[in-house]
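Right, one structure below, let's go through it.
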Amino acid sequence: MESKMELDKRMSENGEEEMRETTTKKRQLGGIKTMPFILANEACDKFAATGFHANMITYLTKELNLPLVKASNTLTNFGGTSSFTPLIGALIADSFAGRFWTIIVASIIYELGMVCITTSAVLPQLHPPPCPTQQNCKEASNTQLWVLYIALLLTSLGTGGIRPCVVTFAADQFDMSKFAAASRSWNFFNWYYFCMGMATLLALTVVVYIQDNVGWGWGLGIPTIAMALSIVAFVVGAPLYKKVQPGGSPLIRLAQVIVAALKKRNIVAPNDPSQLYENKELDATISSNGKLVHTNQFRWADRAAVLTDDDIDESNHPKLWRISTVHRIEELKSVIRVLPIWGAGILLVTSHSHLGSFTIQQARSMNRHLSHSFEIPPASLSIFSIITVLVGLGLYERLFVPFARRFTENPAGITCLQRMGIGFTINILATIVSALVEMKRKAVAADHNLLDKPTATIPISVFWLLPQFCLHGIAEVFHSVGHLEFLYDQSPESMRSTMVALYSLAASFGNYIGTFVVSTVHKYTGIERNWLPDRNLNRGRLENYYWLVTGIQVVNLIYYLICAWCYTYKPLEELIESSEDIDMELANDKTSTQDSKVITRETELAIQQTS
-5 MESKMELDKR MSENGEEEMR ETTTKKRQLG GIKTMPFILA NEACDKFAAT GFHANMITYL
55 TKELNLPLVK ASNTLTNFGG TSSFTPLIGA LIADSFAGRF WTIIVASIIY ELGMVCITTS
115 AVLPQLHPPP CPTQQNCKEA SNTQLWVLYI ALLLTSLGTG GIRPCVVTFA ADQFDMSKFA
175 AASRSWNFFN WYYFCMGMAT LLALTVVVYI QDNVGWGWGL GIPTIAMALS IVAFVVGAPL
235 YKKVQPGGSP LIRLAQVIVA ALKKRNIVAP NDPSQLYENK ELDATISSNG KLVHTNQFRW
295 ADRAAVLTDD DIDESNHPKL WRISTVHRIE ELKSVIRVLP IWGAGILLVT SHSHLGSFTI
355 QQARSMNRHL SHSFEIPPAS LSIFSIITVL VGLGLYERLF VPFARRFTEN PAGITCLQRM
415 GIGFTINILA TIVSALVEMK RKAVAADHNL LDKPTATIPI SVFWLLPQFC LHGIAEVFHS
475 VGHLEFLYDQ SPESMRSTMV ALYSLAASFG NYIGTFVVST VHKYTGIERN WLPDRNLNRG
535 RLENYYWLVT GIQVVNLIYY LICAWCYTYK PLEELIESSE DIDMELANDK TSTQDSKVIT
595 RETELAIQQT S
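Structure, rendered in structure tokens:
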């Protein structure tokens, strides 16, 4: 009969073996092998979404015969809704559903919306009769518009689950710690954005051409099929994915910190942060990549971690509406620090929320011939912006980063905040160019007596619009990618879907404010020389709108520079372990912590350079 010591030893060995098997299985999940499935899903989704929305202004004005401002505001409002719903989807994913199931359900809802609008394009009774002269047109009836609104609403709801979860789900498949990221020769967010750009480019060339030259049935049907394929691709890869378990509602945790701090508003927080309450077991599910370190900002919140006699219940569990850990308090501080930087993106979206609609109308009046028989579809002009993004991302990764690294000694070349600031500046230049080109377009129209002929082709090449598209593309390389990486990097790990959703929420607020600005400009700039007329853009003053947008962007840039100057990066403890470290931990729990390294913002650079 075995002695108790031998029995304990065997049980210990069995436990260690189970831990090794669990660790090995965990390491087998995720990684580069999951990217074909995830990126195929996202590429098909991006292809479908771009093919669906890129030329929608043409569908509304030419097929449903809506006035330009009404059509533009309709798209902007639903665009704002599509940018607001990701916050709801992210909260669902982070709280209880997980990113995997949120993506699947949301993709199905999106597919239903696309089937709905494709059906409306095919059936004659669901759209008004054609109006080629664009004069005295019969607008779509309320019933026909409701079919459109239901389709747009379903796609908006689907976007809410897809947009914040796919990029974070893909990033979950890799070790995104600073140490691991610095050891890689590539930036995940740059390459993610590159793949999405390729899908967008394909949609803007193939799908838009089909919509303009073949018909809207096929033009919307192809994106619908692509969306269905994206769902299949994502489900096929399910056994390979690393699925991060949700850690409970992040909003409830933030609310608990605030309530606990308010309840203890009369208590003075100690100067020594080691006296504040910590509970590793409680925070285990929300700090697997490392615990947030105490900071001296927003000291009022530290009161929530001052332990009193009433904070622990009879079963020795903390009362979370009275006491919070340092990690949870730092989650709140991280969110507060990010919000001012995030807010700068709202007015940036406001400034160009309607530029796509107006630019397509400009292009439609210009000479778009590449040959006697081929014309560039107006909505396809966006390909020049996408091509600029694709080329720009490659040059940024291979040329700009190594060049900047010589001066900054930063492995990433420049910080996310610096990258975003450059993007803000280039966007201002793009808007200035837009105003100058519009002045040139109208001058040519006046010289040829075409100001009162909205359907006539003005003898000026559409390639005059090319510089502004290229500048917007360069700005996106810097601002959009930098903004996305900033939100992922600076957010608490348990709130990454929610914080990435802020990227879309900024677009939502920006689109709604943009609608208000356009409606106000249209309402108060007169009837004879309205800046944004309903039918004849030649008699408008679109350039004045662009100058107004330029002023908004300049004010926004000044605000951003102030926020960026005052920003403090979050400090984080990262546990860096090799496979040998894991074996050591299994062999001897007592010595495992000797191989861990605490990385703070001050020592991070040195560690990255050593790697």
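Numbering (our numbering), first residue to last: -5 to 605. For every residue, glycine included, the Cβ atom is placed at its ideal position computed from N, Cα and C. In this text, all values refer to a predicted model and were calculated from it rather than measured experimentally.
Practice prompt. Could you check the C-alpha separation between L117 and N136 for me, to the nearest Å?
Written response: The alpha-carbon atoms of L117 and N136 are separated by roughly 16 Å.
Worksheet item: How many angstroms separate the CA atom of V208 from the CA atom of P372?
Response: In a straight line, the C-alpha of V208 is about 15 Å away from that of P372.
Worksheet entry | Nearest-angstrom Cα separation, counted from V287 out to C189 | Between C189 and V287, the C-alpha separation is close to 35 Å.
Worksheet item: If you pair each beta-carbon of the segment 269 to 280 with each one of the segment 308 to 326, do three or more pairs fall below 8 Å?
Response: Taking a contact to require three or more Cβ pairs closer than 8 Å, the segment 269 to 280 and the segment 308 to 326 qualify as touching.
Discussion item. Can you tell me which residues form a DSSP beta bridge with E369?
Written reply: Residue pairing by DSSP places E369 opposite H363 in a beta bridge.
Discussion item. For a test of the three-state rule: what should DSSP assign to I452, helix, strand or coil?
Written reply: Three-state result, I452: strand.
Item to complete: Assign S318 to one of three DSSP states: helix, strand, or coil.
Response: Three-state result, S318: coil.
Worksheet item: Looking only at C-alpha atoms, which of E308, I323 and I280 sits nearest to F292?
Response: When C-alpha distances from F292 are compared across E308, I323 and I280, the shortest belongs to I323.
Worksheet entry | Check whether G337 and C410 have beta carbons under 9 Å apart | No, the pair does not count as a contact, with Cβ atoms beyond the cut-off.
Practice prompt. May I ask which residues mark the beginning and end of the alpha helix (DSSP H) holding M493?
Written response: Looking at the DSSP string, the run of the alpha helix (DSSP H) that includes M493 is R490 to Y518.
Practice prompt. Express the C-alpha separation of T451 and I358 in angstroms, rounding to a whole number.
Written response: Reading off the sequence, residue 358 comes out as Arg, not Ile. Cα to Cα, R358 sits roughly 8 Å from T451.
Fill in: N355 and L531 closer than 9 Å at C-beta
According to the sequence shown, residue 355 is Gln rather than Asn. It is a contact, given that the beta carbons lie within the stated cut-off.
Practice prompt. Please classify Q167: is it buried, with 16 or more other beta-carbons within 10 angstroms of its beta-carbon, or exposed?
Written response: With at least 16 other beta carbons inside 10 angstroms of its own, Q167 counts as buried.
Worksheet item: So what does DSSP say about I26, is it helix, strand or coil?
Response: Assigned with DSSP and collapsed to three states, I26 falls in helix.
Discussion item. Beta-carbon within less than 7 Å of V558's beta-carbon, same chain only, minus the 5 sequence neighbours each way: which residues are those?
Written reply: The residue you asked about is not Val; residue 558 is Ala in the sequence shown. Result list for A558: I335, L411 and G415, in chain order.
Worksheet item: From S367 to M360, what distance separates their C-alpha atoms?
Response: Across the structure, S367 and M360 are spaced so that their CA atoms are roughly 16 Å apart.
Worksheet item: Could you give the uninterrupted runs of the beta strand (DSSP E) lying entirely in the segment 35 to 78, keeping only those of 3 residues or more?
Response: Qualifying beta strand (DSSP E) stretches: none in this window.
Worksheet item: Are K327 and A298 closer than 9 Å when you measure CB to CB?
Response: No, they are not a contact pair.
Practice prompt. Compute the beta-carbon to beta-carbon distance between A87 and P240, rounded to the nearest angstrom, for a pair I have assumed lies under 8 Å.
Written response: Under the criterion of beta carbons closer than 8 Å, A87 and P240 qualify as touching, at roughly 7 Å.
Worksheet item: Three or more beta-carbon pairs under 8 Å between the segment 199 to 213 and the segment 382 to 401, yes or no?
Response: Between the segment 199 to 213 and the segment 382 to 401 there are fewer than three C-beta pairs closer than 8 Å, too few to call the two in contact.
Worksheet item: Would DSSP call I204 helix, strand or coil?
Response: I204 falls in the helix class under three-state DSSP.
Item to complete: Enumerate in chain order the residues of its own chain whose CB-to-CB distance from A439 is below 7 Å, with the five nearest sequence positions on each side excluded.
Response: So the list reads L445, I452 and N532, once near-sequence residues are dropped.
Fill in: Beta-ladder partner(s) of I306, from DSSP
Note: I306 sits in a beta bridge opposite P312.
Discussion item. Please report the straight-line C-alpha distance between A100 and I156, rounded to a whole angstrom.
Written reply: Cα atoms of A100 and I156: separation of roughly 6 Å, rounded to the nearest angstrom.
Worksheet item: Distance, Cα to Cα, W541 vs K236?
Response: Using only the alpha carbons, I get a separation of about 49 Å.
Worksheet entry | Exposure label - T353; buried when at least 16 CB within 10 Å | Residue burial is scored here from C-beta neighbours: T353 has at least 16 other C-beta atoms within 10 angstroms and is therefore classed as buried.
Item to complete: Identify which residue in L54, T344, S347 and V251 has its Cα closest to the Cα of G132.
Response: Before going further, note that residue 132 is Lys rather than Gly in the sequence given. Considering only alpha carbons, the answer is L54.
Fill in: Start-to-end residues for the alpha helix (DSSP H) that takes in Y186
Counting along the chain, the alpha helix (DSSP H) containing Y186 begins and ends at F182 to L196.
Discussion item. Output needed for Y186: all residues of its chain with C-beta closer than 7 Å, excluding positions within five of it in sequence on either side, in chain order.
Written reply: V161 and A164.
Fill in: DSSP three-state assignment for A115, whether helix, strand or coil
A115: helix per DSSP, three-state reduction.
Worksheet item: Start and end of the alpha helix (DSSP H) containing H473?
Response: L460 to Q484 is the extent of the alpha helix (DSSP H) around H473.
Worksheet item: With burial defined as no fewer than 16 other Cβ atoms inside 10 Å of the residue's Cβ, what is the status of A63: buried or exposed?
Response: Rather than Ala, the amino acid found at residue 63 in this sequence is Val. The residue is buried, with at least 16 neighbouring Cβ atoms inside 10 Å.
Worksheet item: So, using beta-carbon positions, are S498 and G417 closer together than 9 Å?
Response: With a cutoff of 9 Å on beta-carbon distance, S498 and G417 are scored as not near each other.
Fill in: Alpha-carbon spacing of C617 relative to D483, whole angstroms
With the chain represented from -5 up to 605, any question about residue 617 goes unanswered, as that position is not in the structure.
Item to complete: Could you check how far apart the C-beta atoms of S76 and T149 are, in whole angstroms? I think they sit under 8 Å.
Response: With a Cβ gap of about 7 Å, S76 and T149 count as contacting.
Worksheet item: In terms of residue numbering, what span does the alpha helix (DSSP H) encompassing L151 cover?
Response: Bounds of the alpha helix (DSSP H) holding L151 are N136 to D166.
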